[in-house]
Amino acid sequence: MPRPRRTQISIEDTPMYHCCSRVTRRAFLFGDDELTGKNYDYRRGWVESLLLKLAGVFAIDVAAYAVMTNHLHVVLSVDIYESNRWSDKEVVEHWHQIFLGTEVTQKFAKGEVIESFEVNRLKHSIALYRSRLSDISWFMRSLNEPIARMANKEDKCTGRFWEGRFKSQALLDEAAVLACMTYVDLNPIRAKMADKPEQSDYTSIQLRIQAALNGKQPAKLLSFIGNERLNQPKGINFTLKDYLELVDETGRMIRDDKRGAISANAEKILARLNIPCENWLRITADFGKLFHGPVGTLQELTSYCEHLGKQRRHFSQDCQYFQAG
Numbered sequence: 001m002p003r004p005r006r007t008q009i010s011i012e013d014t015p016m017y018h019c020c021s022r023v024t025r026r027a028f029l030f031g032d033d034e035l036t037g038k039n040y041d042y043r044r045g046w047v048e049s050l051l052l053k054l055a056g057v058f059a060i061d062v063a064a065y066a067v068m069t070n071h072l073h074v075v076l077s078v079d080i081y082e083s084n085r086w087s088d089k090e091v092v093e094h095w096h097q098i099f100l101g102t103e104v105t106q107k108f109a110k111g112e113v114i115e116s117f118e119v120n121r122l123k124h125s126i127a128l129y130r131s132r133l134s135d136i137s138w139f140m141r142s143l144n145e146p147i148a149r150m151a152n153k154e155d156k157c158t159g160r161f162w163e164g165r166f167k168s169q170a171l172l173d174e175a176a177v178l179a180c181m182t183y184v185d186l187n188p189i190r191a192k193m194a195d196k197p198e199q200s201d202y203t204s205i206q207l208r209i210q211a212a213l214n215g216k217q218p219a220k221l222l223s224f225i226g227n228e229r230l231n232q233p234k235g236i237n238f239t240l241k242d243y244l245e246l247v248d249e250t251g252r253m254i255r256d257d258k259r260g261a262i263s264a265n266a267e268k269i270l271a272r273l274n275i276p277c278e279n280w281l282r283i284t285a286d287f288g289k290l291f292h293g294p295v296g297t298l299q300e301l302t303s304y305c306e307h308l309g310k311q312r313r314h315f316s317q318d319c320q321y322f323q324a325g
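Take 1 as the starting number for the sequence shown in the UniProt record's numbering and just add one per residue.
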């Protein structure tokens with residue numbers, strides 16, 4: 001039985017979550033449809049465009065994504081502090097970018113006079129919007145529902161486009177985050193849809209490589225900021241150069257099936273993450289099969305379970321992949 005989303009989210013332990021949605025009805029509603037002979041790759045562009053738009057609306061950053069022919073992977077970073085810093089008007093303006101809101105929030109956004117009997121309704125709406133704008137379930141809903149409506153309209157049909165629930169799992173430490181991001185970014189390589197990361201359409205790694213060629217980082221993705229330090233900006237505590245190198249080498253090994261062929265510099269990067277080379281290859285190739293719940297070391301998993309009031313540490317056997325030795 002699916003577990004309630006509230007029992008899977010603990011922002012106190014980690015802001016990072018891996019989410020996956022799969023389509024229903026037919027197998028490839030984003031790619032080649034064998035039944036009709038049509039190609040629906042352009043729908044992957046719909047998803048990518050809306051995903052990056054939502055990253056600018058919600059207090060949730062996109063760290064990695066891959067839009068495949070029949071499913072979507074995305075790594076999200078929740079920033080509740082950002083939504084709490086927004087003024088009431090900013091909250092309403094953000095919400096109105098994707099939803100109509102109410103009559104009173106529309107009046108408030110336009111700077112019109114709010115009657116005394118409307119004040120409590122306005123405050124309630126703002127509090128609700130502020131909470132939802134840092135909620136992963138609302139983020140995924142705002143992504144999946146419009147895509148489903150667009151596809152159904154085009155196909156002249158009704159019913160589900162996506163499976164009922166999206167899968168989400170907590171990424172409890174830096175190693176888990178980077179391993180999951182690499183797994184997501186290399187989805188097209190594993191599926192033999194591309195030979196190199198830079199050729200992987202509708203992925204975050206393609207955006208990062210294109211920006212890196214100009215000495216930049218994509219404005220719509222969570223940035224790499226290097227090693228942790230005082231008063232650091234928001235971002236991933238890892239260098240972009242090391243990440244791109246790690247993804248490239250891992251992709252070559254997956255593509256050419258050369259398990260163990262990794263450079264000395266890449267080995268140093270993995271040593272810093274405390275992950276043996278053989279474990280890294282297994283994780284990034286089979287992440288979806290290996291992990292069906294929170295991902296990280298046993299220590300992090302124990303803390304996560306305690307904060308959520310879980311008496312049993314489910315999936316504790318999976319922690320072995322994040323321990324050297």
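Yeah, the Cβ is synthetic: ideal placement off N, Cα and C, and Gly gets one too.
C-alpha gap between residue i and residue j, whole angstroms
i, j, result
"residue 279", "residue 137", "31 angstroms"
"residue 65", "residue 117", "45 angstroms"
"residue 88", "residue 75", "28 angstroms"
"residue 12", "residue 154", "42 angstroms"
"residue 196", "residue 252", "8 angstroms"
"residue 107", "residue 182", "45 angstroms"
"residue 277", "residue 270", "7 angstroms"
"residue 308", "residue 293", "14 angstroms"
"residue 327", "residue 86", "This structure leaves residue 327 out entirely; the chain is present only between 1 and 325."
"residue 16", "residue 77", "5 angstroms"
"residue 132", "residue 94", "11 angstroms"
"residue 366", "residue 184", "With the chain running from 1 to 325 in the structure shown, residue 366 is simply not present."
Option nearest residue i by Cα separation, candidates the options
i, options, result
"residue 233", "108, 79 and 47", "79"
"residue 42", "68, 158, 107 and 60", "68"
"residue 147", "201, 305, 24 and 226", "24"
"residue 248", "71, 263, 149 and 58", "263"
"residue 90", "161, 253, 127 and 301", "127"
"residue 287", "255, 215 and 322", "322"
"residue 165", "107, 140 and 289", "140"
"residue 210", "190, 240 and 193", "240"
"residue 82", "227, 274 and 130", "130"
"residue 339", "58, 60, 189 and 70", "What is shown of the chain runs 1 to 325, which leaves residue 339 out entirely."
"residue 122", "112, 105 and 266", "105"
"residue 60", "266, 18 and 44", "18"
"residue 298", "282, 201, 205 and 173", "173"
Start-to-end residues for the alpha helix (DSSP H) that takes in residue i
i, result
"residue 142", "136-155"
"residue 53", "42-55"
"residue 61", "Not the alpha helix (DSSP H): residue 61 falls in the beta strand (DSSP E), residues 60-67."
"residue 307", "298-307"
8 angstroms contact criterion, which residue i and residue j should meet: CB distance rounded
i, j, result
"residue 291", "residue 169", "6 angstroms"
"residue 55", "residue 220", "5 angstroms"
"residue 144", "residue 303", "The pair is not a contact, with the Cβ atoms about 31 angstroms apart (cut-off 8 angstroms)."
"residue 236", "residue 285", "Their Cβ separation, rounded to whole angstroms, is 22 angstroms, which puts residue 236 and residue 285 out of contact at 8 angstroms."
"residue 142", "residue 98", "5 angstroms"
"residue 244", "residue 212", "6 angstroms"
"residue 177", "residue 171", "5 angstroms"
"residue 62", "residue 180", "The pair is not a contact, with the Cβ atoms about 13 angstroms apart (cut-off 8 angstroms)."
"residue 58", "residue 10", "That belief does not hold up - the Cβ atoms of residue 58 and residue 10 are roughly 19 angstroms apart, past 8 angstroms."
Residue i - containing beta strand (DSSP E), residue span
i, result
"residue 169", "167-170"
"residue 131", "Premise fails: residue 131 lies in the alpha helix (DSSP H), 119-132, not in any beta strand (DSSP E)."
"residue 18", "16-22"
Problem set entry | Completely contained alpha helix (DSSP H) runs for the region 174-204, where each covers 4 or more residues | 174-185 and 187-190
Problem set entry | Length at least 3, wholly inside the region 241-280: the beta strand (DSSP E) runs in chain order | none
Exercise. In chain order, which continuous runs of the alpha helix (DSSP H) of length 4 or greater are located wholly inside the region 78-111?
Worked result: 80-85, 88-96 and 103-109
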